[in-house]
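K.L.:
The sequence shown begins at 1 in the UniProt record's numbering and counts up one residue at a time. Glycine included, every Cβ here is placed at the ideal spot set by N, Cα and C. Dumping the structure here so I can ask a few things about it.
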Amino acid sequence: MRLLEKMKADKQEKLLQKKLIEAFDVSGIYMEYTSEKYKKRIYPKIHSIKFNENRIEYVFTLLNGQDPKEIKKKEYAFYQVFGRTLKIETDSIKKYTLTVSNRTIPKKFIYDYKKFLPAIEGMKLPIFGGVNLDGEYIVWDMADGKPHLLAAGENGSGKSAGVRQILATLIQFKKSSELHLYLCDPKFTEFHLFGDVEHVQGKIACEMDDIYNNIKAVKKELDDRKRLIGEQEKLTGIEKYNDRYHDKKIPYVLLVIDEFAQLKDKKDSINLIETISAQGRAFGIFLLLATQRAEAQVMNGLIKQNITIRMGFRHADLINSRITNTIGSEKISMEDKGRFILKLDEAMEVQAPLLEEEIAEKLLEPYKRKEEEVKREAITWSFPNCNEIIESNEEKKEQSKPVIKKLTIDDLFGGDK
C-alpha cells in the first residue's frame, strides 16, 4: 500500500517537474549546449517539489551566469503556465521559491469596517485592499513608505467600487482635521456620494478646468509645506513637524483622480502630477489615480516610477496588464467583480470588499456637513493654512527680538535732569 502511494507521489512529482520545465521553456530561462551531434537545454536546478491538496511549492536555483532580472522580466510566462494564483519569492541572487495555491478567494466579500478595523489600527493613512487566497486581510500604510496608488481596470471590473471603499474607510478612520480630500471625477458619476463630506475640500471637480484647479491647489499646498517644513523649520517631513507642533498639526492630503487617462493631452496637469508624485510623500501629500486603461503615454516614466503600488482589476489583455505591472489581471473573469492583482511588495490576488452605494451613503451620513453650514464652492486650503503659519512664526520671531536702545552720553555719565 505504501509502495503504491509512493509510486503515485513520484508520478505526480514528475508531472509537476514537467510543468515547471515548461515554464522555463516558454520564458526562455535556460542555457543551450550545442555540439556537432545535438543540442541540449540546461535548465535551472530544481531542488524540491512539495505539494498537498492546497498548494504546490517549488524551490529552484538559477545556473551561474543567468540574470535574476530575467525571471522578473518573464514573470508573465509563469502566470501563463500556472495561472494567477502563484507567488514568486527570491533571495535576489539565484534561489527562488515558487508557490502555486489551489485555494480560491470568495467571489463576494462584504464590506465591514468594524470587522477589519483592528487590522488598520495604529496606521497613519491606511489602505484596506481586501482579502487574499489565505483569507488574510491585505492592508498597507500610504504614509509609511508606500505612497501613491494606481487602480486600473476596464468597465465593470469593480474598480470604482474598490476606490469607493478605500475612501469610505479613510473618512471613517481619520478626522476631517487630519485628512483633506481633493476629488476629481471627469465621468460625473463616481464621487457624488462624497460631495458633502467634511473631509472633501471645495467641490467635486468634473470639468477639466476645475480638475486642473484642484491639481494646482494641491501643488500650491505642496509648495507651501516645502517652505514651512523644509525651509523655515529645517525638518525632513510632515511627521517631524507634527511631532514638534502638536497643537498645529498639518493634515494629510489625498488627491484622487478618476479616469486619469482623460488627462493625457493636458500637459500642464500631467506636469503638476509628476511633481506631486515625486515630492509629495515627505510632506504628507498623496495620489490615488484610477483609470480604465493605463495608457503608456499617460503612465510616463516619472509617474510610473513614483506610483509603485498598483491594483490591477480585470484588464483587456496582456499588453495593458504589463503597463500596470499587474500580470495576471488580464485573466480575471468578468464574473469576479472586485478581484484584482495587487502589486505591493510582491504580486498577489486579492478580493476587494463590496460596498454598495446605498450602504456607503448611510455610512457617510455622520461625516457630512450640516445643512446650516455654507457649502464651500471655492478651493479651500489645508488647515492649518501653511502661509498663515509661516507669517505667524515670522511675526513671533520679530516680536521676540530684543529691543536695543541707542545709548547717549547722558545715559553713560549722567546729565542734568
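Only counting the same chain, and skipping five residues up and downstream in sequence, which positions put a Cβ closer than 6 Å to that of residue 450?
P.N.:
Here the chain comprises residues numbered 1 to 417, so residue 450 is not present and cannot be evaluated.
K.L.:
Does residue 191 come out as helix, strand or coil in the three-state DSSP assignment?
P.N.:
coil
K.L.:
Output yes or no for whether 8 Å exceeds the beta carbon distance between residue 327 and residue 96.
P.N.:
If you check the CB distance, residue 327 and residue 96 do not come in under 8 Å.
K.L.:
With respect to the alpha helix (DSSP H) encompassing residue 81, which residues constitute its N-terminal and C-terminal limits?
P.N.:
75-82
K.L.:
Looking at the unbroken beta strand (DSSP E) that takes in residue 421, where does it start and where does it end?
P.N.:
Outside the displayed span of the chain (1 to 417) sits residue 421, for which this structure offers no information.
K.L.:
When the Cα atoms are used, what is the spatial distance from residue 10 to residue 81?
P.N.:
21 Å
K.L.:
For residue 214, report the span of its alpha helix (DSSP H) as first-last.
P.N.:
208-225
K.L.:
My assumption, with CB atoms under 8 Å, is that residue 77 sits in contact with residue 131. Please give the rounded CB distance.
P.N.:
No, residue 77 and residue 131 are not in contact; Cβ-Cβ is about 27 Å, not under 8 Å.
K.L.:
My guess is that residue 260 and residue 308 are in contact by the Cβ rule of under 8 Å, so how many angstroms apart are they, rounded?
P.N.:
Incorrect: roughly 16 Å between the Cβ atoms, too far for contact.
K.L.:
For residue 159, report the span of its alpha helix (DSSP H) as first-last.
P.N.:
159-173 is the extent of the alpha helix (DSSP H) around residue 159.
K.L.:
Residue 65 by DSSP, collapsed to three states: which one?
P.N.:
coil
K.L.:
Using a threshold of 8 Å, state whether the C-beta atoms of residue 179 and residue 251 are closer than that.
P.N.:
Yes, these two residues count as a Cβ contact at 8 Å.
K.L.:
Using only CA atoms, which one of 65, 340, 74 lies nearest to residue 312?
P.N.:
Distances from the alpha-carbon of residue 312 to those of 65, 340, 74 put 340 closest.
K.L.:
May I ask which residues mark the beginning and end of the alpha helix (DSSP H) holding residue 276?
P.N.:
267-279
K.L.:
Residue 126 bridges to which residues according to DSSP?
P.N.:
According to DSSP, residue 126 bridges with 141.
K.L.:
In angstroms, rounded to a whole number, what distance separates the CA positions of residue 418 and residue 147?
P.N.:
Since the first residue shown for the chain is 1 and the last is 417, residue 418 is missing from the structure and cannot be characterised.
K.L.:
Can a CB atom of chain D be found closer than 8 Å to the CB of residue 106?
P.N.:
Protein chain content of the structure displayed is limited to a single chain, and chain D is not contained in it.
K.L.:
Determine the direct distance from the alpha carbon of residue 220 to that of residue 284, and round the result to whole angstroms.
P.N.:
One Cα belongs to residue 284, the other to residue 220, and the distance between them is close to 13 Å.
K.L.:
Does the separation of the CB atoms of residue 113 and residue 172 fall below 8 Å?
P.N.:
yes
K.L.:
Who are residue 286's beta bridge partners in DSSP?
P.N.:
Per DSSP, 254.
K.L.:
Let me check one thing: in DSSP terms, what residues is residue 342 bridge-paired to?
P.N.:
311, 348
K.L.:
Please list, in chain order, all residues of the same chain as residue 289 whose beta carbon is under 7 Å from its beta carbon, the five residues on each side excluded.
P.N.:
150, 257, 260, 307
K.L.:
Just mark residue 106 as buried or exposed, buried being the case when its beta carbon has 16 or more other beta carbons within 10 Å.
P.N.:
exposed
K.L.:
Do residue 278 and residue 302 have their CB atoms nearer than 8 Å?
P.N.:
yes
K.L.:
Rounded to the nearest angstrom, what separates residue 190 and residue 216 at their Cα positions?
P.N.:
21 Å
K.L.:
Reducing DSSP to helix, strand and coil, say where residue 7 ends up.
P.N.:
helix
K.L.:
Can you give me the C-alpha to C-alpha distance between residue 383 and residue 51, rounded to a whole angstrom?
P.N.:
In this predicted model, residue 383 has a pLDDT of only 39, less than 50, meaning its place in the structure is not dependable; the value taken from the coordinates is given anyway. Cα-Cα distance, rounded: 56 Å.
K.L.:
Determine the DSSP secondary structure at residue 403, reduced to helix, strand or coil.
P.N.:
For residue 403, the predicted model reports a pLDDT of 45, less than 50, meaning its position is unreliable and no value from the coordinates is stated.
K.L.:
Use the C-beta contact count for residue 34: other C-beta atoms within 10 angstroms, 16 or more gives buried, fewer gives exposed.
P.N.:
exposed
K.L.:
So which of 364, 276, 336 has the shortest CA-CA distance to residue 159?
P.N.:
336
K.L.:
Spell out the partners DSSP gives residue 31 in its beta bridges.
P.N.:
42
K.L.:
Using a threshold of 8 Å, state whether the C-beta atoms of residue 87 and residue 348 are closer than that.
P.N.:
yes
K.L.:
Since residue 196 and residue 369 should fall inside the 8 Å C-beta cutoff, what is the C-beta to C-beta distance between them, to a whole number of angstroms?
P.N.:
5 Å
K.L.:
Drop a sphere of 10 angstroms on the beta-carbon of residue 12, count the other beta-carbons inside from all chains shown, and report buried for 16 or more, exposed for fewer.
P.N.:
exposed
K.L.:
Between residue 24 and residue 43, how many whole angstroms is the CB-CB distance? I'm expecting something under 8 Å.
P.N.:
5 Å
K.L.:
When you compare each of 282, 192, 193, 206 to residue 226 by their alpha carbons, which one comes out closest?
P.N.:
282
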